[in-house]
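Numbering (UniProt numbering), first residue to last: 1 to 91.
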């Protein structure tokens, strides 16, 4: 299984340029590689992200989470998410 070059480039745009809030990836069965399915703009919120995840398919995603710590300092963490549905339940 390969990873399309666009996946790397899109991740770097999220990480370095803050061009996206999230990126959702899928497996292209025909090409046998991971490709970018969807990107969410920097103004989108977590509900936009979760609403973009499929109800009946497995995908991968990264989400750039912004938060403020107790010292009133702005922080950001990027999370990798493996999204899969099993027997109609979200796990």
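Where is the CB? At the ideal position from N, CA and C, for every residue including glycine.
Predicted model only: the values in this text are computed from it and were never measured.
Please list, in chain order, all residues of the same chain as residue i whose beta carbon is under 6 Å from its beta carbon, the five residues on each side excluded.
| i | result |
| --- | --- |
| residue 67 | 75 |
| residue 12 | none |
Please classify residue i as buried or exposed, where buried requires at least 16 neighbouring CB atoms within 10 angstroms.
| i | result |
| --- | --- |
| residue 23 | buried |
| residue 46 | exposed |
What does residue i pair with, by DSSP beta-bridge criteria?
| i | result |
| --- | --- |
| residue 59 | 83 |
| residue 70 | Residue 70 is not bridged to any residue. |
| residue 76 | 66 |
| residue 2 | 33 |
| residue 22 | 40, 63 |
From the DSSP output, in three-state form, read off residue i for me.
| i | result |
| --- | --- |
| residue 41 | coil |
| residue 31 | coil |
| residue 14 | helix |
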